[in-house]
């Protein structure tokens, strides 16, 4: 059967996806109306005297082991064959690129993110053997019900069935897409065997008490839906086969290649945003603080004036906290859902950079997509776009404001004025008046960059800018006036002065020398600015002859200059200016070889692996504390990922150099997270005290010897504030709070039983339960 027939067969993926989504809806309704169906089916395999019928049976254990081996071999084959197919030419190999790329995405997004990340950690459903009806101590929770009983390795949904479904889906899709190739009969035979293995795996999971019926059904349906969605996106079309390596060069790619680059950038940002937060805890002090503010807003209903540990919190505006609570209104209070809010704006920032590049450079097709890929694979952006912080929202506000400025420059009237005003208000609500630092230099310097054929006069231009500021003030007044009234004098001073002008002239936090940002540029622009030919070409491409180059120069350099003059400095403050750098780098000459990408990646991955090895061997410490949870298997996995990534970069370096450079930061960051994951959870996970803290709010909780900033409020779901004590206040507090809990980074209280010990952000904390 020629390729065209296989392509026509792929058209059915749309209706098939609709059927699977309909089945998800039908089974959701079924288990909502009849939640006891799970208990009824599990009861068929349970004997009160002997337990679950299939638990520990050699045959069924062999079935599970065979499934894991087959699924692992299939995923491993995809990792090897994808880069090999990428470097070969022709329609047949272009089809293989899509297929093996789809398999990698299915396993990564399906098993790694959706199942083990979002579903298991988000819903926290106890397994059948853990509930009271089958000998455990946990209450039964229905499908799609947020339980919170556990935070990992939970019941909803089954990872084993998901892996078996991914195997079956991949083999079946291969039988369809490769129907014209030798070995098509083998594909079909393996796909039928995989379906039998899937059925046996589902029976084993239910019969051994590891999963409910709904866990099995929804695992299979969710993976099938994801697989069909990816198949619809990547299915072969005669007019849009994947580009060969030559078309991936950075010189004026065709529209289909540009779309491939742009979609790759979005998928890369989305993948990192979903994966990296699952490989590390909620990091103190920033992420824990902001999630605690959002938690107290939800708990106490303080939506106008945020609070932290029971006190008014004026350091940041409320938009992020509002959005987290909006998501919680749909999902329930969930760590996973909350940690996806800010990264979602990172994905949006990449999409807006793509659009801005197309708007600025309509004569250079593909430049916007290239800029999006450069931004997505810049190390600093890739890191901070996965954190629960404010900078991705501010980046989106800056990009929206710049698009509005371009519309104003081209004769736009009230819609553009309203758009700029909304962007300014959005930026202020995201992080404060700092949005003016990013947009006002461009607005004021408009005569230097305008490309309008009949530009608006200076008077008309600045009147429109003033009108936009007025629109922003009107929008902000809806929140700011009630907040200033309810917050009191301290809140007014905090939000109107200390966090803006106070930080500019005399920083009380994050003080750095004036040259800090200039010295940090190699880190900010890693790895793309580590190519000397790109830098020299950038200066040639960024001449003042082109008004678009002047716009990018004013945008980036004014931000760098103004933040250098401001006393408080952090690397992520320049995140909203990175799209300007990405657009400028995309306009520079393309890399012809990617060998430097190997060096740029190895300079990060090798030291990280060495340090992880020293930590595991006890030859290095983190903030003075030893690491005991980091073992040889973790190091082996991280090393394997690093070698695989470096190998892929090596393969791409000659034929697809831009792809080689785009792989540097993802490979390095994934290696870093895998190698240091146990150490991060051992030394930075505030949830290690969550169980003890959640049992003591009525008796009272206090902390001494630690600069508390809300690290435990959200992770322990506290309902009352933690009292921060000085050393001389401990004895009095102990006498007034029998049964309370004290966290101490200094001496133990005179009475009390130690119930826990852990490192947190450089402090060794011990928990003591009072008599």
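In full-length UniProt numbering, the protein residues as written are 1 to 771.
Quick reminder that beta carbons are idealized off the backbone N, C-alpha and C, glycines included.
* Cβ contact check for the region 337-355 and the region 692-705: 3 or more pairs under 8 Å -> no
* Looking at C-alpha atoms only, which residue of 700, 763 and 304 is the closest neighbour of residue 769? -> Position 769 of the chain shown, counted from the first residue, corresponds to residue 769. The option with the nearest alpha carbon to residue 769 is 700.
* What's the C-alpha gap between residue 178 and residue 169? -> Counting from one through the chain shown, the residue named residue 178 turns up at place 178. Counting from one through the chain shown, the residue named residue 169 turns up at place 169. Answer to the nearest angstrom: the Cα atoms are 14 Å apart.
* **Element boundaries [beta strand (DSSP E), containing residue 201]** => Residue 201 sits at position 201 when you count from the first residue of the chain shown. Run containing residue 201: none in the beta strand (DSSP E); it sits in the alpha helix (DSSP H), 184-207.
* Should residue 624 be labelled buried (16 or more other beta-carbon atoms within 10 Å of its own) or exposed? -> Translated into the one-based positions of the chain shown, residue 624 becomes position 624. Exposed: under 16 other Cβ atoms inside 10 Å.
* To do: Would you decide whether residue 753 is buried or exposed? Buried here means 16 or more other CB atoms lie within 10 Å of its CB.
  => Working through the chain shown from its first residue, we reach residue 753 at position 753. Exposed, because fewer than 16 other Cβ atoms sit within 10 Å of the Cβ of residue 753.
* **Three-state class that DSSP yields for residue 286 in the structure shown** => What you label residue 286 is simply residue 286 of the chain shown in a count that begins at 1. Three-state DSSP puts residue 286 in a helix.
* **Given 8 Å, three or more beta-carbon pairs between the region 133-144 and the region 291-310** => no
* **Among 653, 279, 122 and 364, nearest to residue 593 - alpha-carbon criterion** => For the purposes of this step, residue 593 is taken as the residue at position 593 of the chain shown. Comparing Cα positions, the closest option is 653.
* **Whether residue 122 touches residue 329 by CB criterion (7 Å)** => Within the chain shown, the letter at position 122 stands for residue 122. Within the chain shown, the letter at position 329 stands for residue 329. Going by C-beta atoms, residue 122 is not nearer than 7 Å to residue 329.
* To do: Determine the DSSP secondary structure at residue 175, reduced to helix, strand or coil.
  => Translated into positions along the chain shown, residue 175 becomes position 175. Looking at residue 175 - three-state DSSP - the assignment turns out to be helix.
* Provide the residue(s) that pair with residue 754 in DSSP beta bridges, ordered along the chain. => For the purposes of this step, residue 754 is taken as residue 754 along the chain shown, with counting starting at 1. Residue 754 is bridged to 768.
* Could you check where the alpha helix (DSSP H) with residue 567 kicks off and where it finishes? -> In the chain shown, counting from the first residue as 1, residue 567 sits at position 567. Per DSSP, residue 567 belongs to no alpha helix (DSSP H) and is neither H nor E.
* To do: With a threshold of 16 other CB atoms inside 10 Å of the CB of residue 280, please say whether the residue is buried or exposed.
  => Translated into the one-based positions of the chain shown, residue 280 becomes position 280. With 16 or more other Cβ atoms within 10 Å, it is buried.
* **Own chain, CB closer than 8 Å to residue 267, minus 5 neighbours either side, in chain order** => The residue given as residue 267 occupies position 267 in the chain shown. Taken in chain order, the residues that qualify are 105.
* Answer with buried or exposed for residue 649, where buried requires no fewer than 16 other C-beta atoms within 10 angstroms of its C-beta. => In the chain shown, the residue the question calls residue 649 occupies position 649. So residue 649 counts as buried.
* What's the C-alpha gap between residue 51 and residue 43? -> Locating residue 51 in the chain shown gives position 51, where the first residue counts as 1. Locating residue 43 in the chain shown gives position 43, where the first residue counts as 1. So the two alpha carbons sit approximately 10 Å from each other.
* Sorted by chain position, which residues of the same chain lie with C-beta nearer than 7 Å to residue 228's C-beta, five sequence neighbours on each side aside? -> If you number the chain shown from 1, residue 228 lands on position 228. Once the five neighbours on either side are set aside, the close Cβ partners of residue 228 are 13, 16, 17 and 20.
* For residue 70 versus residue 103, is the C-beta spacing smaller than 7 Å? -> To locate residue 70, count along the chain shown from 1; it is residue 70. To locate residue 103, count along the chain shown from 1; it is residue 103. Result no, Cβ atoms of residue 70 and residue 103 do not sit closer than 7 Å.
* Asked: Do the region 652-666 and the region 678-685 make contact, defined as three or more Cβ pairs closer than 8 Å?
  -> no
* With 16 as the cutoff for other CB atoms within 10 Å, does residue 518 come out buried or exposed? -> Locating residue 518 in the chain shown gives position 518, where the first residue counts as 1. Exposed, since its Cβ has fewer than 16 Cβ neighbours within 10 Å.
* What are the residues that DSSP puts in a beta bridge with residue 723? -> For the purposes of this step, residue 723 is taken as the residue at position 723 of the chain shown. Bridge partners of residue 723: 702.
* May I have the straight-line CA-CA distance separating residue 75 from residue 34, to the nearest angstrom? => Position 75 of the chain shown holds residue 75. Position 34 of the chain shown holds residue 34. The straight-line gap from Cα to Cα measures roughly 37 Å.
* For residue 661 versus residue 597, is the C-beta spacing smaller than 7 Å? -> Position 661 of the chain shown holds residue 661. Position 597 of the chain shown holds residue 597. Yes, Cβ-Cβ distance for residue 661 and residue 597 is below 7 Å.
* Does residue 485 have its Cβ less than 7 Å from a Cβ in chain D? -> Among the protein chains of the structure shown there is no chain D, as only one such chain exists.
* **Identity of the residues DSSP links to residue 744 by a beta bridge** => Along the chain shown, one-based indexing puts residue 744 at 744. Answer is 704 and 766, bridged to residue 744.
* Can you tell me the Cα-Cα spacing of residue 698 and residue 740, whole angstroms? -> Stepping through the chain shown from its first residue, residue 698 is reached at position 698. Stepping through the chain shown from its first residue, residue 740 is reached at position 740. If you take the alpha carbons of residue 698 and residue 740, they lie about 8 Å apart.
* Using a Cβ-Cβ cut-off of 6 Å (strictly less than) and excluding sequence neighbours within five positions of residue 426, which residues of its own chain qualify? -> By 1-based counting over the chain shown, the position of residue 426 is 426. Only 397 meet the Cβ criterion.
* **CA nearest to the CA of residue 747, picked from 737, 766 and 732** => By one-based count along the chain shown, residue 747 stands at place 747. Nearest C-alpha to residue 747: 766.
* **residue 764 versus residue 704: straight-line alpha-carbon distance, rounded** => Against the chain shown, residue 764 aligns to sequence position 764. Against the chain shown, residue 704 aligns to sequence position 704. Near 12 Å, if we compare the C-alpha coordinates of residue 704 and residue 764.
* Which value, in whole angstroms, describes the spacing of the CA atoms of residue 482 and residue 473? -> Along the chain shown, one-based indexing puts residue 482 at 482. Along the chain shown, one-based indexing puts residue 473 at 473. Rounded to the nearest angstrom, the two C-alpha atoms are 14 Å apart.
* Would DSSP call residue 711 helix, strand or coil? -> As a working note, residue 711 is residue 711 in the chain shown. In the structure shown, residue 711 sits in coil (DSSP, three-state: anything other than H, G, I, E or B).
* So the alpha helix (DSSP H) residue 681 belongs to, where does it begin and stop? -> To locate residue 681, count along the chain shown from 1; it is residue 681. Unbroken alpha helix (DSSP H) run through residue 681: 664-684.
* Should the region 543-556 be called in touch with the region 579-591, which here means at least 3 C-beta pairs below 8 Å? -> yes
* In whole angstroms, what is the alpha-carbon distance linking residue 469 and residue 273? -> The residue given as residue 469 occupies position 469 in the chain shown. The residue given as residue 273 occupies position 273 in the chain shown. Going by the C-alpha atoms only, they are around 33 Å apart.
* Helix or strand or just coil, what does DSSP make of residue 346? -> Your numbering for residue 346 matches position 346 in the chain shown. The answer is helix: DSSP assigns residue 346 an H, G or I state.
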